[in-house]
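Accompanying notes for the structure given below.
Number of protein chains: 2
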Amino acid sequence: MYETEYVPPTVTVDGVIFQIIDGVLYVALIKRSAEPFKDSWALPGGYNAAGETTLEALERIVKRKAGISIKKQTKFAEQLFTFDTVARDPRGHAVSVTYMACGLDISPQNSSEQTQFFPVDNLPKLAYDHKDIITYAHERLISKLSYTNVVYSLLPEKFTMTALQTAYEAVFQRELDKRNFRKKFAQLDLIKETDEMFKEGAHRPARLYTFKQNTLQTLVRSFD
Amino acid sequence: MYETEYVPPTVTVDGVIFQIIDGVLYVALIKRSAEPFKDSWALPGGYNAAGETTLEALERIVKRKAGISIKKQTKFAEQLFTFDTVARDPRGHAVSVTYMACGLDISPQNSSEQTQFFPVDNLPKLAYDHKDIITYAHERLISKLSYTNVVYSLLPEKFTMTALQTAYEAVFQRELDKRNFRKKFAQLDLIKETDEMFKEGAHRPARLYTFKQNTLQTLVRSFD
DNA sequence: GCAAAAGTGTTTGGGATACACCCATGC
DNA sequence: GCATGGGTGTATCCCAAACACTTTTGC
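What follows is the structure, given as structure tokens:
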């Protein structure tokens, strides 16, 4: 009875794409070329069509608009929350399924919109409720760094202990004690030494490490 | 261009409604009266129309089908996750926004479908992927009991320390040490004594307590 | 007095925190 | 030799976990 007269809301997807550059956490934004919010910065996102999953829609839209392939250029993606209180589109009710993704050395290729990475603590004025979505994503990322090994998605395959600590500091936005950090990480048994060293500048070379697993795992003891 | 030919997927909502009865965690299920999955047990849920939020849709549907008002008969509700991989409806692609809610003394009133509470560790065979949704909700509830005061939503206004501990044990599905539990809870500063005692049976009466706040709060130090 | 649940402290081990100096390299 | 970041150990404190007996009531 109700079902026959049913008209669904619009479904959209939006992605918060993180990467660390020079010890600072950045998020990808596009400059909107159309109304509403023309010329404002916004998260890459758009309409979900029937027949594609929300993640497939996100891949398609972010590739086209921001020139970034979630699948190929990030190492981790996760659904965040579905926002349904904001009318994204003046034409009617929309629900937005949001995701976050993490990678490194992400550079946009062939984007339809102007795309740029901004530091999370220095964002421009944003369209819609996108500021809230980024805040939510950042909190989730902080939380996930604490109880999972997700930091692997922000680092190259081989990395120094300093780079690892810097990744934590960039996300947490506070400094950590070097000795305690290394002690704690040693206990967690997530990484292993390689034979290689990283030489750079006029100082002692640093040992390179790799993660034992490059898939998401929950830690036995949570971090911080 | 793309937008003009856009056809959205169907949007549905499903609710996992928890309550504790005699020290056991129960979840509300309805018996489906129509295809697909006719005569199977399932979570209460249905179609979201344009113009209503997902929570409004859930209230409307759960009230009608299961005879439970989320708003009036539960003390806490939270969005869980949006499942988009399962075709709920053979007619086409659907995304399901899921919620959990917690209350006590919930009894269905004027439901259109047969409604019954089942222990989470003894569920019948369920329609769709509803088993996965309940597992997800239970994990979320365990987690939230650990770092928030959400246990208030599973208890009456005045309760004994034993009832409080029983609520944790019902959700965690393991026993806790009485002295450590009370010591830990005392530190958390969430509850206060009342003048009243609860008398029952041939044993010493128990003091009744109340929560200082009946809204969700994050704990300074997480529990367990 | 006895059954049944309420209520109460101490000990121990481990992890978190705080903190400072030597090492290897390039120039 | 000096500037630069890499790498390492110890002492303290607090929290978590383990553990058993007394109290109050109804019958």
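As they're listed, the protein sequences go chains A and B. For the first sequence, our numbering begins at 7 and goes up steadily by one. For the second sequence, our numbering begins at 7 and goes up steadily by one. Even glycine gets a Cβ: it sits at the ideal position worked out from N, Cα and C. Because the structure is a prediction, the values reported are computed rather than measured.
- For A/Pro42, the nearest beta carbon of chain B is not closer than 7 Å to its own beta carbon.
- Residues of chain B with a Cβ closer than 8 Å to the Cβ of A/Asn116 do not exist, since the nearest Cβ in that chain sits about 17 Å away.
- By alpha-carbon distance to A/Gly57, the top candidate from B/Arg213, B/Ala143, B/Ile197 and B/Gly98 is B/Gly98.
- The beta-carbon of B/Thr18 is placed no less than 7 Å from the nearest beta-carbon of chain A.
- The beta carbon of B/Lys218 is closer than 7 Å to those of Leu196, Ile197 and Lys198 in its chain, skipping five residues each way along the sequence.
- Cβ neighbours of A/Tyr158 within its own chain (closer than 6 Å, five residues either side excluded): Phe217 and Asn220.
- Minimum Cα-Cα distance from A/Gln122 among the listed residues A/Thr91, A/Ile36, A/Lys184 and A/Arg94 corresponds to A/Ile36.
- In chain order, Val17, Asn54, Thr59, Thr60, Thr88, Val101 and Val103 make up the part of chain A whose C-beta sits under 9 Å from the C-beta of B/Val101.
- Spanning the alpha carbons of B/Lys164 and A/Lys71 requires a straight line of approximately 55 Å.
- Per DSSP, the continuous beta strand (DSSP E) segment holding A/Gln85 begins and ends at Phe82 to Phe89.
- In terms of Cβ geometry, B/Leu49 and B/His144 do not form a close pair [threshold 7 Å].
- Nearest Cα to A/Tyr215 within the set A/Met203, A/Trp47 and A/Leu222: A/Met203.
- At a C-beta separation below 8 Å, B/Val13 has these neighbours in chain A: Ala55 and Ala56.
- With contacts defined as CB atoms closer than 7 Å, A/Pro114 and A/Ile74 qualify as a contacting pair.
- Comparing alpha carbon positions, the residue from B/Ala212, B/Tyr153, B/Ala107 and B/Gln171 closest to B/Ala34 is B/Ala107.
- The beta carbon of B/Leu147 lies closer than 6 Å to those of Val177 in the same chain, with the five residues before and after it left out.
- In its chain, beyond the 5 residues on either side, Pro42 have a beta carbon closer than 8 Å to the beta carbon of A/Pro96.
- Sequence-distant partners of B/Tyr153 (beyond 5 residues in either direction) whose C-beta falls short of 8 Å from its own C-beta, in its chain, are Thr224, Leu225, Ser228 and Phe229.
- With contacts defined by Cβ atoms closer than 7 Å, B/Val30 and B/Pro125 form a contacting pair.
- Here B/Pro14 is buried. Its C-beta has 16 or more other C-beta atoms within 10 Å.
- In the DSSP assignment, A/Val103 falls outside any alpha helix (DSSP H) and lies within the beta strand (DSSP E) extending over Ala100 to Gly109.
- With a beta-carbon spacing of about 20 Å, A/Thr88 and B/Thr80 fall beyond the 8 Å limit used to define contacts.
- In the structure shown, B/Asp201 adopts extended strand secondary structure according to DSSP, grouped into three states.
- In chain order, Ala56 make up the part of chain A whose C-beta sits under 7 Å from the C-beta of B/Gly98.
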